[in-house]
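Visitor: Residues -22 to -1, 1 to 322 (mature numbering (1 follows the signal peptide of the UniProt record, and there is no 0)) are what the sequence shown spells out, left to right.
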Amino acid sequence: MKLLLEIFGLFAIIANIKHVSCNCTDPSAIFPCTGCEQNIISCIGETFVDLDAIFTKLSKTLTPEQKHFKLFYFGNHNNTKLTANLFQDILFENIEFFDSALTEIHPDAFGQNYYYTKLFNFWNDWSLPPRVLLDVAMRFEVAEKVRLCGANLTGLDGDVFRQDRGFQKLNGNIFSHLTTLTYLSFWNNDLIYIGDNAFAMDEPSNLTLYIELRDNQHLTPSSFARNSLIGINRPTKIDLSNSQAISKITYFPEDVFWPFFAANPLNEIRYFDSTNFDCQDCKSYWLKQRALFKLWAFPFMKVWCLMLTPRRTCAQGGQHGNPGTFVIGVVEISFSNTMIICAD
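Laid out in structure tokens, this is it:
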């Protein structure tokens, strides 16, 4: 079943790749991998793949024009290491790992691809030490999309250390040099902390950056350092949705999220849904004071929330208002146009 899912996933990727002529005239040169006819190299299954031999052969037999591929897709379960200069001078526009069993990636494994690859995806592999994965992802200097999903991460802070199976902290301008980045995903990890300047960028841009933090069920209001969302220097949309609607984010801290909204009128918490968001909590009242919400009801979303605390209650120093009626909806918060499930 796992192999079948991988094959279906690969077909979906191939369907979105523009057809080009085969780069390797002898498909056996990449055996047991496949994909020459789609200008890709796909290695999935249980058979060990001698990647060193494959890329050495391609490097020696292909012309410079033939050494540019659309995709390298790896879902093999018997390869555990990527060695130094593994890819040699073979270049890939997209590099994806799905359900692999890697325990070691040499920092120089991807070679010239660090300056060529536009998309780097790493999905559903809990074997690789998080520091190794982060060091690799940070080196794709022209990447437009980076996805680290189900990949052993528990924190975004500058000082990285391992606890159980993932990151605890990771921050300090980690991705600041990746100025072409438009999509950054940490979907389905175990993040518990996002530190100062976690998403800061060195250069301003008008291109929107999408940050996906969905299905990180351990995030709470205190998970966000005060300056965690500053210095991004471009329109930014953050996904905090949760497929089970059980987020532990019960309110949005004003000292964290207001600077984010104020930095750019296009900034948004694009998606958020939770049965635990407490609209009666006065710590969320700033959303109303700054006119950052309005009611949108979508019954099919099954997201419940209490009505927002009346102004006089919070203004008088109250911590929690009287319960109001329930409404169903989905939260989308932005500086200019905000949708939130709390009703007035």
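Every residue, glycine too, gets a C-beta built ideally from N, C-alpha and C.
Identify whether ILE189 lies in helix, strand or coil by the three-state DSSP scheme.
Guide: Numbered from 1 along the sequence shown, position 211 holds the residue referred to as residue 189. It is a strand residue.
Visitor: Can you confirm whether the region 164 to 182 touches the region 204 to 219 when touching is taken to mean that 3 or more C-beta pairs between the two stretches lie within less than 8 Å?
Guide: Yes, the region 204 to 219 is in contact with the region 164 to 182.
Visitor: Where do the N-terminal and C-terminal ends of the beta strand (DSSP E) with VAL124 fall, by residue?
Guide: Translated into the one-based positions of the sequence shown, residue 124 becomes position 146. First-last of the beta strand (DSSP E) with VAL124: 123 to 127.
Visitor: Taking SER37 as part of the alpha helix (DSSP H), name the residues at either end of that continuous run.
Guide: Position 59 of the sequence shown, counted from the start, is the residue given in the question as residue 37. It spans 29 to 39 - the alpha helix (DSSP H) in which SER37 sits, taken as one unbroken run.
Visitor: Under DSSP, the alpha helix (DSSP H) around GLU232 begins and ends at which residues?
Guide: Translated into positions along the sequence shown, residue 232 becomes position 254. 232 to 241 is the extent of the alpha helix (DSSP H) around GLU232.
Visitor: By the 10 Å Cβ neighbour count, where 16 or more other Cβ atoms means buried, how is THR25 classified, buried or exposed?
Guide: Here residue 25 corresponds to residue number 47 of the sequence shown, with the count starting at 1. It counts as exposed.
Visitor: Go through its chain and collect everything with a Cβ distance to ASP30's Cβ below 8 Å, but skip five positions before and after it.
Guide: By 1-based counting over the sequence shown, the position of residue 30 is 52. Result list for ASP30: THR61, LEU64, in chain order.
Visitor: Kindly indicate which three-state DSSP category SER201 falls into: helix, strand or coil?
Guide: Taking the sequence shown and counting its residues from 1, one reaches residue 201 at position 223. In this structure, SER201 counts as helix in the three-state DSSP scheme.
Visitor: Going by DSSP, what residue range makes up the beta strand (DSSP E) through ASP217?
Guide: Counting from one through the sequence shown, the residue named residue 217 turns up at place 239. Start and end: 214 to 217.
Visitor: Starting from the Cα of TYR93, find the closest Cα among CYS260, HIS155, THR39, ARG192 and give me that residue.
Guide: Along the sequence shown, one-based indexing puts residue 93 at 115. Closest by alpha carbon: HIS155.
Visitor: Below 8 Å on the Cβ atoms is my guess for GLN47 versus PHE33; work out the distance and round it to an integer in Å.
Guide: What you label residue 47 is simply residue 69 of the sequence shown in a count that begins at 1. What you label residue 33 is simply residue 55 of the sequence shown in a count that begins at 1. Reading off the sequence, residue 47 comes out as Phe, not Gln. Wrong, their Cβ atoms sit about 11 Å apart, outside the cutoff.
Visitor: Considering only residues of the same chain and omitting the five flanking positions on each side of ASN220, which have a CB-CB separation below 7 Å?
Guide: Numbered from its first residue, the sequence shown carries residue 220 at position 242. Excluding residues within five positions, the ones whose Cβ falls inside 7 Å are ARG192, ASP193, GLN195, ASP251, SER252.
Visitor: Just curious, the beta strand (DSSP E) that ARG109 is in, first and last residue?
Guide: Here residue 109 refers to the residue found at position 131 of the sequence shown. Looking at the DSSP string, ARG109 is not in any beta strand (DSSP E); the run it does join, the alpha helix (DSSP H), is 108 to 115.
Visitor: Exposed or buried, which one is SER105 when buried takes at least 16 other CB atoms within 10 Å?
Guide: Residue numbering aside, residue 105 sits at position 127 when the sequence shown is read from its first letter. SER105 should be labelled exposed.
Visitor: Does CYS11 come out as helix, strand or coil in the three-state DSSP assignment?
Guide: Here residue 11 corresponds to residue number 33 of the sequence shown, with the count starting at 1. CYS11: coil per DSSP, three-state reduction.
Visitor: With H, G and I counted as helix, E and B as strand and the rest as coil, what does DSSP make of SER6?
Guide: Translated into positions along the sequence shown, residue 6 becomes position 28. The answer is helix: DSSP assigns SER6 an H, G or I state.
Visitor: Alpha carbons only, please: which of ILE189, GLN66, ASN99 is nearest the one belonging to GLY89?
Guide: Here residue 89 corresponds to residue number 111 of the sequence shown, with the count starting at 1. Selected option, being the one with the closest Cα: GLN66.
Visitor: Please tell me whether PHE100 and ARG125 are closer than 8 Å, where the distance is taken between their beta carbons.
Guide: As a working note, residue 100 is residue 122 in the sequence shown. As a working note, residue 125 is residue 147 in the sequence shown. The answer is yes: Cβ separation under 8 Å.
Visitor: Looking only at its own chain, which residues have a Cβ that is under 7 Å from the Cβ of SER20, when we skip the five neighbours before and after it?
Guide: Numbered from 1 along the sequence shown, position 42 holds the residue referred to as residue 20. Once the five neighbours on either side are set aside, the close Cβ partners of SER20 are LEU(-13), CYS11, THR12, GLY13, TYR51.
Visitor: Out of curiosity, what's the CA-to-CA distance linking PHE75 and THR41?
Guide: Stepping through the sequence shown from its first residue, residue 75 is reached at position 97. Stepping through the sequence shown from its first residue, residue 41 is reached at position 63. In a straight line, the C-alpha of PHE75 is about 26 Å away from that of THR41.
Visitor: Check TRP101 in the structure and name its three-state DSSP category.
Guide: Residue numbering aside, residue 101 sits at position 123 when the sequence shown is read from its first letter. Of the three classes helix, strand and coil, the one that applies to TRP101 here is strand, per DSSP.
Visitor: Identify the continuous beta strand (DSSP E) that holds ARG268 and give its terminal residues.
Guide: By 1-based counting over the sequence shown, the position of residue 268 is 290. From DSSP, ARG268 is part of no beta strand (DSSP E); its letter is neither H nor E.
Visitor: In angstroms with no decimal places, state the Cα-to-Cα distance between ASP180 and GLU232.
Guide: Indexing the sequence shown from 1 puts residue 180 at position 202. Indexing the sequence shown from 1 puts residue 232 at position 254. Cα-Cα distance, rounded: 25 Å.
Visitor: Around the Cβ of ILE224, are there at least 16 other Cβ atoms within 10 angstroms (buried) or fewer (exposed)?
Guide: The residue you call residue 224 lines up with position 246 of the sequence shown. Classification for ILE224: exposed.
Visitor: Can you look up GLY173 in the DSSP assignment and give me helix, strand or coil?
Guide: Along the sequence shown, one-based indexing puts residue 173 at 195. Reduced to three states, the DSSP call for GLY173 is coil.
Visitor: Taking all protein chains shown into account, decide if SER201 is buried (16 or more other Cβ within 10 angstroms of its Cβ) or exposed.
Guide: For the purposes of this step, residue 201 is taken as residue 223 along the sequence shown, with counting starting at 1. With 16 or more Cβ atoms within 10 Å of its Cβ, SER201 is classed as buried.
Visitor: Quick test of your reading: ARG212 and LEU185, contact by CB under 8 Å. State the CB separation rounded to the nearest angstrom.
Guide: Counted from its first residue, the sequence shown places residue 212 at position 234. Counted from its first residue, the sequence shown places residue 185 at position 207. Confirmed, Cβ separation roughly 6 Å.
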